[in-house]
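Undergrad: Per our numbering, the sequence shown runs over residues 43 to 494.
Would you mind keeping the following structure in view while I ask a few things?
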Amino acid sequence: MSIITRFAPSPTGRLHVGNARTALFCALYAKANGGQFMLRLDDTDAERSTEAFAQGIIEDLAWLGLPHDLTAKQSDRFDAYDEAFEKLKDMGLVYACYETPDELDLKRKRQRARGKPPVYDRAALELSDDEKAKLEAEGRTPHWRFKLSGNKVSWQDLVRGDQLVDTSSLSDPVLVRADGTYLYTLPSVVDDLDFNITHIIRGEDHVTNSAAQIELIMALAGQDAIIPVFAHHPLLVMADGSALSKRLGSLSLESLREDGIDPMSINSLIARLGTPDPVETHSDMAALIAGFDLTRLGRAPARFDPAELQRLNVKLLQHLPFERVADKLSHLGVTYEDEQAGMLFWDTVKGNIDRLEDAVGLWQIIQGPVESVIDAEDRDYLDMALACLPAEPWDETSWSSWTSELKQSTGRKGKELFMPLRKAMTGQSHGPEMKNLLLLIGPTHVKNRLEG
Ligand code: GLU
């Protein structure tokens, strides 16, 4: 059977690095096994889900380099959910409940006060038809719960190993709210079945859901149903252990993108966090896929440090070949005479930038206008430098022949020799290698700047 994984966000916000990590695991697992990766939009909550968020999620995934092979949208599938719900009703596996949220809350408080776990007491199962009719006459509409078997459910989790959940310790999950809308559980199971999902990879906050979902799968597809393989990964937390939340704007992919973080820096980091493996910078997916193994994930929460991402991004930039950045640079307004000039520019600046956008500032130094910085006591020295500029056309030896000659004729060396040239030619006292800058700035600008 060919492998199909799914990433199932609710379009009620944009993706952050934590969601991205789940998406990455789903995509990498599918790709590593020659399978397919589905994006499922869990948009049954009509009030909070928006088309703009759905589009944003699709954009975020494409930007990360995790295009999906298949798409589904839960709001298109209510007929399938209704059918499954009717089937469960016919089998007597769902029951109507009439408690209000306040009443349920009170029950839980009483249970806690008596030292008991706050598990739904199934009082609604005892209601007679007359009592139900009376409650409905009072204007109450039922919500519907799925009747768990009370047996133990086990599965072999790809991350957590052997799992055993005693469903008698769980509340029967509500499948349908009093207003007739579906909660997440039933649609998710129906979709996983209908789309032949083979692997459910998601955060460990869903572990207990899985027990109820396995019982639902068997109720709907039969006791012999093929249960998808589950992999529940520990969640991503901040370096100090605090939780990441969907609303943490600065960790949204959108804002990381605006901050100039390369998607492969994010992928390289989140693919390895929580494993004993070192984080390496990969500039393409193939290497990440090759080294991907879900079973390497440990059980402790994976810690995310934005500063680590920044460092990785710098490292990645330094390793990216010109072809990988050419388009982005031209979007930023960095243009050159020919590809060779572009390559020279990239080789020259990549070691001096933290984000691609920083290349623009260096580009402006090359293009000008630049305000030369010339100290009065260096005027004569710069005049000598002008007089012995190397013969044109310049090449990669021009800088060293020029400065050797200056060294001989002036006796200057080190900083004294180089700094006045740098400050005059770039207006700055630090920056990329002068050998390349000389070529990029070119004779006309160099002469003007040395003159001041
Ligand atoms: N929409 C659910 C969530 O975002 C999906 C969970 C799952 O993968 O089943 O938590």
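Ideal Cβ positions, reconstructed from N, Cα and C, are used throughout, including at glycine.
#1: Any heavy atom of the ligand GLU closer than 8 Å to the CB of S52?
#2: Under three-state DSSP, which class holds Y123?
#3: Since Y423 is in the alpha helix (DSSP H), which residue starts that stretch and which ends it?
#4: Thinking H241 and Y71 are a contact (beta carbons under 8 Å), I'd like their distance in whole angstroms, please.
#5: Is it the case that the CB of Y226 approaches a heavy atom of the ligand GLU more closely than 8 Å?
#6: Measure the Cβ-Cβ separation of S210 and G222 and say whether it is below 9 Å.
#7: Any idea if R289 is buried or exposed, counting beta-carbon neighbours within 10 angstroms, 16 or more meaning buried?
#8: Below 8 Å, can you find three or more Cβ-Cβ pairs linking the segment 351-369 to the segment 322-337?
#9: Given the structure, does I303 come close to the ligand GLU, in the sense that its CB is under 8 Å from one of the ligand's heavy atoms?
#10: Under a Cβ-count criterion, where at least 16 other Cβ atoms within 10 Å of its own Cβ denotes burial, should E434 be classed as buried or exposed?
#11: In this structure, does DSSP put S442 in helix, strand or coil?
#12: What are the boundary residues of the alpha helix (DSSP H) that H324 is part of?
#13: Within its chain, find whatever has a CB closer than 7 Å to the CB of L135; leave out the 5 residues flanking it on each side and keep chain order.
#14: So for S287, helix, strand or coil by DSSP?
#15: With a threshold of 8 Å, are at least 3 pairs of Cβ atoms found where one atom belongs to the segment 43-62 and the other to the segment 96-104?
#16: With a 10 Å radius around its C-beta and 16 neighbouring C-beta atoms as the bar for buried, classify R244 as buried or exposed.
TA: Let's see:
#1: Here residue 52 corresponds to residue number 10 of the sequence shown, with the count starting at 1. Yes, the beta carbon of S52 sits closer than 8 Å to at least one heavy atom of the ligand GLU.
#2: Translated into positions along the sequence shown, residue 123 becomes position 81. Helix at Y123.
#3: To locate residue 423, count along the sequence shown from 1; it is residue 381. Element bounds for Y423: R421 to A429.
#4: Here residue 241 corresponds to residue number 199 of the sequence shown, with the count starting at 1. Here residue 71 corresponds to residue number 29 of the sequence shown, with the count starting at 1. That belief holds up - the Cβ atoms of H241 and Y71 are roughly 6 Å apart, short of 8 Å.
#5: Position 184 of the sequence shown, counted from the first residue, corresponds to residue 226. Answer for Y226: yes, Cβ within range of the ligand GLU.
#6: Taking the sequence shown and counting its residues from 1, the one referred to as residue 210 is at position 168. Taking the sequence shown and counting its residues from 1, the one referred to as residue 222 is at position 180. No, they are not a contact pair.
#7: Counting from 1 along the sequence shown, the entry for residue 289 is found at position 247. At R289, the pLDDT of 46 sits below 50, so the modelled position is not reliable; the number obtained from the coordinates is stated separately. Exposed is the call here.
#8: yes
#9: Counting from 1 along the sequence shown, the entry for residue 303 is found at position 261. Not under cutoff, so the answer is no.
#10: Locating residue 434 in the sequence shown gives position 392, counting from the first residue. By the neighbour-count rule (16 or more Cβ atoms within 10 Å), E434 is not buried but exposed.
#11: Numbered from its first residue, the sequence shown carries residue 442 at position 400. S442: helix per DSSP, three-state reduction.
#12: Numbered from 1 along the sequence shown, position 282 holds the residue referred to as residue 324. Neither: H324 is in no alpha helix (DSSP H) and is coded neither H nor E.
#13: In the sequence shown, counting from the first residue as 1, residue 135 sits at position 93. Correct list, in chain order: F188, K189 and A261.
#14: Walking along the sequence shown from the start, residue 287 turns up at place 245. Here S287 sits in coil by DSSP.
#15: yes
#16: Mapped onto the sequence shown, residue 244 falls at position 202. It is buried - the Cβ of R244 has at least 16 other Cβ atoms within 10 Å.
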